[in-house]
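**Q** This is the structure I want to talk about, given as structure tokens.
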Amino acid sequence: MNYRGRFAPSPTGHLHFGSLVAAVASYLDAHHHQGVWLVRIEDLDPPREVPGAADAILRVLESFALHWDESVCYQSQRHEQYHHYLDTLSARNLTYHCQCTRKQLSQYQGHYPNLCRERGLTLAHPAIRLKHLTPLASFEDRVQGTVKHDFTAQAEDFVLRRRDGLFAYQLAVVVDDIEHNISHIVRGADLIDSTFKQAQLYQYLEQPCPAYLHIPLAVTATGSKLSKQNYAPAVAAKEAPKALSQALRFLGQALPEELTNAPCPEQLAWATQHWQPQQIPQQHEIILP
Ligand code: GLU
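As numbered in our numbering, residues 2 to 290 make up the sequence shown, in order.
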């Protein structure tokens with residue numbers, strides 16, 4: 002199998018335990034399949050970026066011996082490709098201009114009711130939306146099996162390029178994963194909603210969809226997702242072996258006793274060999290110190 006996987010952090014802050022788990026899982030899955038593992042920095046949204054975060058994330062990955070196989074990809078340098086794919090979708094009559102402001106949309110509880118789809122607008126600074134004509138009802142997850150969409154409302158025509166000219170995450174991720182021949186995506190379950198959109202974008206672009214594996218989220222004692230917003234602590238490079246064995250335990254890949262404090266390369270070698278995604282527990286609770 003020509004396995005190519007990736008870890009794609011956004012440089013909006015430090016690497017916390019939740020993102021470490023995603024990095025470790027994608028690395029192990031790729032190496033277990035003798036595959037290639039890439040790192041992509043998703044620096045698509047400059048206002049949300051924290052200066053220095055991208056480099057800090059890469060240094061922390063290195064301190065865990067999570068070494069990537071090809072040069073790091075930066076989304077900020079790939080606008081031409083995003084333009085090209087957006088043009089492809091437009092040429093297939095799958096996009097339209099939207100002039101709705103955030104304020105106008107606030108009455109729809111975050112769900113856009115495709116107001117501009119039939120308006121045929123041509124605007125100087127539009128948001129560009131996908132005509133989401135055939136929303137996916139389900140996709141296959143390697144561990145969870147068939148994941149069904151809960152259609153409570155009409156399928157949303159999501160944004161591909163924002164009014165401020167920035168490309169949307171949904172488009173950029175799919176373009177990069179296509180261009181880098183990513184065959185397997187392993188990432189947090191918080192992205193399941195995005196997977197429905199992205200898997201459909203592959204179809205509109207007539208490209209084969211990768212295999213998906215979503216791993217459960219690390220949550221706080223009160224049930225909220227670990228994030229920079231709730232002050233999830235940064236993983237400390239100097240305590241890498243300890244944090245790595247915790248991440249492996251979280252993923253249901255408990256190390257033999259004698260390896261729990263071993264250097265990261267030894268832990269990773271064992272975990273690569275014994276990697277069993279079916280053993281990832283589906284419920285988690287992590288208590289922040
Ligand atoms: N950049 C996204 C995040 O940090 C992950 C994207 C992905 O894995 O597809 O949540």
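Glycine residues also receive a C-beta, built at the ideal position from the N, C-alpha and C atoms. Small disclaimer: the values here were computed from a predicted structure and weren't measured.
1) Report, in whole angstroms, the separation of the C-beta atoms of Leu21 and Val236, which I expect to be a contact under 8 angstroms.
2) Measure the C-alpha to C-alpha separation of Asp191 and Ala9 and round it to an integer number of angstroms.
3) How far does the alpha helix (DSSP H) with Thr196 in it extend, from its first residue to its last?
4) What would DSSP say about Ile216, mapped onto helix, strand or coil?
5) If I measure Cβ to Cβ from Lys239 and keep anything under 7 angstroms in the same chain, skipping five residues before and after, which residues do I get?
6) Around the Cβ of Ala272, are there at least 16 other Cβ atoms within 10 angstroms (buried) or fewer (exposed)?
7) Hey, which unbroken runs of the beta strand (DSSP E) at 3 residues or more fall wholly within the region 85-150?
8) Look up Tyr83 in the DSSP assignment and give the residues it is bridged to.
9) Just how far apart, CA to CA, sit Val25 and Leu124?
10) I need the straight-line Cα distance from Gly19 to Lys243, nearest angstrom please.
11) Any heavy atom of the ligand GLU closer than 8 angstroms to the beta-carbon of Ala23?
12) Could you tell me which residues DSSP puts in a beta bridge with Ile186?
13) Can you tell me which of the three DSSP states Leu289 falls into?
14) Under 8 angstroms from any heavy atom of the ligand GLU, does the C-beta of Gly146 make it?
15) Name the residue from Val148, Ala241 and Ala248 whose alpha carbon lies nearest to the alpha carbon of Tyr213.
16) Would you kindly check if the distance between the Cβ of Gln254 and the Cβ of Leu260 is under 9 angstroms?
17) Do you know whose CA, among Leu16, Asp158 and Val187, lies nearest Phe65's CA?
18) Is it buried or exposed, Gln199, if we count other Cβ atoms within 10 angstroms and call 16 or more buried?
19) Could you spell out where the alpha helix (DSSP H) holding Ile58 opens and where it closes?
20) Taking the alpha helix (DSSP H) that Gly19 belongs to, which residues open and close that run?
21) Val37 and Cys74: beta carbons closer than 9 angstroms?
22) Measure from the C-beta of Leu167 to each C-beta in chain C and report whether the shortest distance is under 9 angstroms.
23) Do the region 74-85 and the region 98-110 touch if we need at least three Cβ pairs shorter than 8 angstroms?
24) Return yes when the Cβ of Ser11 is within less than 9 angstroms of the Cβ of Glu43, no when it is not.
25) Figure out for me which residue from His98, Ala92, Pro282 and His275 has the closest Cα to the Cα of Phe159.
26) Around the ligand GLU, which residues pass a check of Cβ closer than 6 angstroms to any of its heavy atoms?
27) For the region 242-281, list the alpha helix (DSSP H) runs that are entirely contained and at least 4 residues long, ordered along the chain.
28) Ala92: which of Gln105, Val61, His68 and Leu131 sits nearest, CA to CA?
**A** The structure says:
1) About 5 angstroms separates the two Cβ atoms, so the contact holds.
2) If I take the Cα positions, the gap works out to 14 angstroms.
3) Ile193 to Tyr205 is the extent of the alpha helix (DSSP H) around Thr196.
4) In the structure shown, Ile216 sits in a strand (DSSP, three-state: E or B).
5) Same-chain partners within the cutoff: there are none.
6) Buried: at least 16 other Cβ atoms inside 10 Å.
7) With a minimum length of 3 residues, the continuous beta strand (DSSP E) runs that stay inside the region 85-150 are 96-99, 128-131, 139-142 and 146-149.
8) Tyr83 pairs with nothing; no bridge assigned.
9) C-alpha separation (whole angstroms): 44 angstroms.
10) So the two alpha carbons sit approximately 15 angstroms from each other.
11) For Ala23, the shortest separation between its Cβ and any heavy atom of the ligand GLU lies below 8 angstroms.
12) Answer is Tyr213, bridged to Ile186.
13) Note that Leu289 scores 48 on pLDDT, short of 50, meaning its location in the model is unreliable and no value can be drawn from it.
14) Remark: the shortest separation between the CB of Gly146 and any heavy atom of the ligand GLU does not fall under 8 angstroms.
15) Closest option to Tyr213, judged by alpha-carbon separation, among Val148, Ala241 and Ala248: Val148.
16) The answer is no: Cβ separation not under 9 angstroms.
17) Ranking the options by Cα distance to Phe65, first place goes to Leu16.
18) Looking at its Cβ environment, which holds 16 or more other Cβ atoms inside 10 Å, Gln199 is buried.
19) Boundaries of the alpha helix (DSSP H) around Ile58: Ala54 to Ser64.
20) Run containing Gly19: Phe18 to His33, per the alpha helix (DSSP H) assignment.
21) No, the pair does not count as a contact, with Cβ atoms beyond the cut-off.
22) Among the chains in the structure shown there is no chain C, since it carries only a single protein chain.
23) No, the region 74-85 is not in contact with the region 98-110.
24) Glu43 places its beta carbon less than 9 angstroms from that of Ser11.
25) Comparing Cα-Cα distances from Phe159 to each of His98, Ala92, Pro282 and His275, the minimum goes to His98.
26) Qualifying residues come out as Ala9, Pro10, Ser11, Glu43, Val174, Arg188 and Leu192.
27) Those alpha helix (DSSP H) runs which fall completely within the region 242-281 and span 4+ residues are 265-275.
28) Cα-wise, what sits closest to Ala92 is Leu131.
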